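Residue numbers (the working numbering): 418 to 907.
Glycine included, C-beta positions come from ideal geometry on N, C-alpha and C.
Quantities reported herein were computed from a predicted structural model and do not represent experimental measurements.
To keep things clear, I will list the structure first and then write my remarks on it.
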Ligand code: ATP
Ligand code: MG
C-alpha cells in the first residue's frame with residue numbers, strides 16, 4: 418500500500434531508465450473498460466493461483482492483470498488451459514515477491530511462478546517497437562561501469578533481423594503498448610480480478626462476439642516480426658472455430674517461407690501446440706492449404722499423394738482430436754511417428770528392394786527420415802527414441818510369434834499396438850492382424866497359447882524351420898484367419 422502510494426506520488430519515475438524513453442515515444446490510447454455485468458466472466462473458471470499472483474502484485478503497488486488467451490477463453494465461457502499475468506513490475510521485482518519464481522528466456526524474458534503442477538507465467542508490459550527505437554537512441558546514463566552500460570544497451574534493444582523478425586524483446590513499456598504488441602485483438606484484453614473489469618484496447622470484445630480472428634496492426638509487418646504468428650492464426654481459427662479476417666488471412670501464403678527463419682526448436686513447440694489443440698486435422702488441412710507445412714513437415718505432400726497414407730494420417734489425427742476432447746492423454750511421439758510413417762515406409766521398401774535385411778533396412782529408413790525432418794523442425798530427443806521404438810516394433814508385431822508374450826511387456830507396446838491398429842484400419846495391413854492382437858491382449862495365458870497355435874506357421878522359429886520340410890495342416894490355413902478372437906473371448 419505504502420509502495421503504491423509512493424509510486425503514485427512519483428508517477429512512473431521508478432521504472433528502469435530504458436522505460437522512460439519508451440514512454441515518451443508513444444501515445445496513450447485509452448482502453449474500453451468492460452464491467453462484469455457486460456462481460457459476465459464466470460469467476461469459478463479462474464485459477465486461484467493466478468488470483469494469488471495478481472493480488473500479491475497489486476498489494477505491492479503494481480498493476481497486474483490476467484491477460485491474453487485466458488481472458489479470451491473466459492469470455493467464451495471456456496476454462497483456460499493456462500493463465501498468463503501481465504504487470505508493470507519488472508521481472509526482477511516479480512521474482513522477489515514469489516519464493517519459487519524463476520526468470521525464464523532470453524528473447525522474451527518472463528517469470529514463471531510455479532504452484533505445484535500449475536505455472537503462472539508473468540510478463541512485464543512490453544514497449545512498442547517504435548518506442549524502443551527511440552529508447553535505443555537515448556543517451557546512456559552517465560557514470561555507469563562499462564559492464565553496466567553494455568547490460569543497459571542489451572536490455573534496451575529489440576534486435577531485428579534482415580527479414581524484420583524480432584530477435585529480442587526486453588524493453589518494458591506501458592500497458593497500451595503491451596496491448597499493441599500482442600497478436601490478435603481477442604488476445605489483447607486484460608482482466609483485473611480485483612475490480613472484475615476487462616480492459617479492451619483493440620475492440621477484442623467486438624471480435625469475440627463476431628467470432629473473428631483479427632491481427633492487431635499491419636498483418637504483413639506483424640508476420641515479419643514473428644512468423645510463428647501465422648501458425649497461431651491457423652491454430653486459433655481451428656480451435657475456436659473463428660473466421661479469419663480477410664487482411665489477416667490474405668498474406669499468409671506469400672509469407673509462409675518466413676517460417677524457415679524461425680529456430681527449429683520453437684517450430685517444434687508451436688507445431689506440437691497445433692497438433693494437440695483438439696483440431697489437429699483441421700489445422701493440418703489449413704497448413705497445407707497455405708503452404709505453411711513446408712517448413713514444418715515437408716514430407717506431408719508425398720504422404721497425401723497416396724490415398725492409403727492419407728487415410729492413415731487422417732485416422733491418426735482424428736483419433737488424437739477425439740482423445741484430447743475427451744481429456745485423455747496423447748503422446749507427441751505417437752503423433753510424429755504417424756506423420757512420418759509414410760516416409761519411413763518408402764525408404765524401407767527401397768532398401769529391402771536393394772536386398773538389405775528387413776530390420777537393418779528399417780533402422781536405416783528411420784534414420785534417413787529423421788535426419789531430413791530434423792533439418793526443418795527439431796523434434797525433441799526424448800520423442801525420437803519413442804518414435805523409433807514404435808516403428809521398430811512394427812515388424813515384430815506383424816509376426817504374431819512366440820515373442821508376443823515378451824512384446825506385451827515392452828514399455829512401448831501399447832503405442833506400437835495402437836499404431837498397428839491404424840495401419841490395419843487404413844488398409845495397409847490385413848485387419849485380421851489387429852483382431853488377433855486385440856484378442857491376445859484380452860486373453861488369459863491358456864487362450865494366448867491357443868491363439869499362438871492358431872496364428873500360423875510364421876509365429877515361432879521352431880515352426881518356421883518345419884515349414885521347409887513337410888507342410889503341416891496349420892500352415893495351409895495361415896493368413897486365412899478364420900478366427901474372430903474378440904468374439905471368442907466375449
Ligand atoms: P493458448 O490457449 O494456446 O494458451 P494463448 O493466446 O494464451 O493461447 P500463449 O502462447 O499462452 O497463447 O500466449 C499468451 C498471450 O501472449 C497471447 O494471448 C498473446 O496475447 C501473447 N502472445 C503469445 N504469442 C505471441 C506472439 N507470437 N506474438 C504476439 N503476441 C503473442
Ligand atoms: Mg495461454
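- Counting C-beta atoms within 10 angstroms of its own C-beta, residue 729 has 16 or more neighbours from the protein chains shown and is therefore classed as buried.
- DSSP lists 449, 606 as the bridge partner or partners of residue 617.
- Counting only residues whose CB is nearer than 7 Å to a non-hydrogen atom of ligand 2, the list in chain order is 485, 486, 487, 497, 498, 499, 501.
- With respect to the 8 Å criterion, residue 540 and residue 594 are not classified as neighbours on the basis of their beta carbons.
- Inclusion of residue 608 and residue 491 in the CB contact set at 8 Å is warranted, their separation being smaller than that value.
- If only complete runs of 3 or more residues are kept, the segment 734-764 shows no beta strand (DSSP E) anywhere.
- Under the three-pair Cβ rule at 8 Å, the segment 621-632 counts as touching the segment 596-608.
- In the DSSP assignment, residue 501 falls within the unbroken beta strand (DSSP E) covering 501-504.
- Distance check between residue 525 and each of 498, 500, 643, 671 places 643 closest, using alpha-carbon atoms only.
- Relative to the Cα of residue 732, the nearest Cα in the group 843, 453, 645, 650 belongs to 843.
- With respect to residue 716, residue 665 sits apart: the two C-beta atoms are not nearer than 8 Å.
- Under DSSP, residue 632 takes part in a beta bridge, and its partners are 601.
- With respect to the 8 Å criterion, residue 756 and residue 737 are not classified as neighbours on the basis of their beta carbons.
- Between ligand 1 and the CB of residue 736, the shortest heavy atom gap is not smaller than 7 Å.
- In the DSSP annotation of this structure, the continuous segment of the alpha helix (DSSP H) that includes residue 645 starts and ends at 645-657.
- Taken through DSSP and simplified to helix, strand or coil, residue 521 comes out as strand.
- The alpha carbon of residue 804 has as its nearest neighbour, out of 845, 830, 769, the alpha carbon of 830.
- In the displayed model, residue 681 falls within a helix according to three-state DSSP.
- By the Cβ test, the segment 819-833 is not in contact with the segment 786-798, since fewer than three Cβ pairs between them sit closer than 8 Å.
- About 4 Å separates the CB atoms of residue 872 and residue 817; that is less than 8 Å, so the two are in contact.
- The C-beta separation of residue 709 from residue 783 comes to about 26 Å, leaving the pair out of contact by the 8 Å criterion.
- Contact between residue 640 and residue 668 holds: their C-beta atoms lie close to 6 Å from each other, under 8 Å.
- As the crow flies, the alpha-carbon of residue 494 is around 7 Å from that of residue 458.
- Excluding sequence positions up to five before and after residue 683, its CB lies within less than 7 Å of the CB of 645, all in the same chain and listed in chain order.
- In the three-state scheme derived from DSSP, where H, G and I count as helix and E and B as strand, residue 665 is classed as helix.
- The continuous beta strand (DSSP E) containing residue 538 extends over residues 535-541.
- Distance from the Cα of residue 750 is smallest, within the candidate group 654, 695, 722, 799, for 799.
- Closer than 7 Å to some heavy atom of ligand 1: that describes the Cβ of residue 598.
- Not one heavy atom of ligand 1 falls within 7 Å of the beta-carbon of residue 803.
- Going by C-alpha positions, residue 621 is about 29 Å away from residue 531.
- Bounds of the beta strand (DSSP E) holding residue 529 are 527-532.
- Where residue 467 is concerned, the enclosing alpha helix (DSSP H) starts and stops at 465-476.
- The Cβ atoms of residue 655 and residue 694 sit closer than 8 Å to each other.
- Boundaries of the beta strand (DSSP E) around residue 483: 481-484.
- Across the structure, residue 827 and residue 870 are spaced so that their CA atoms are roughly 22 Å apart.
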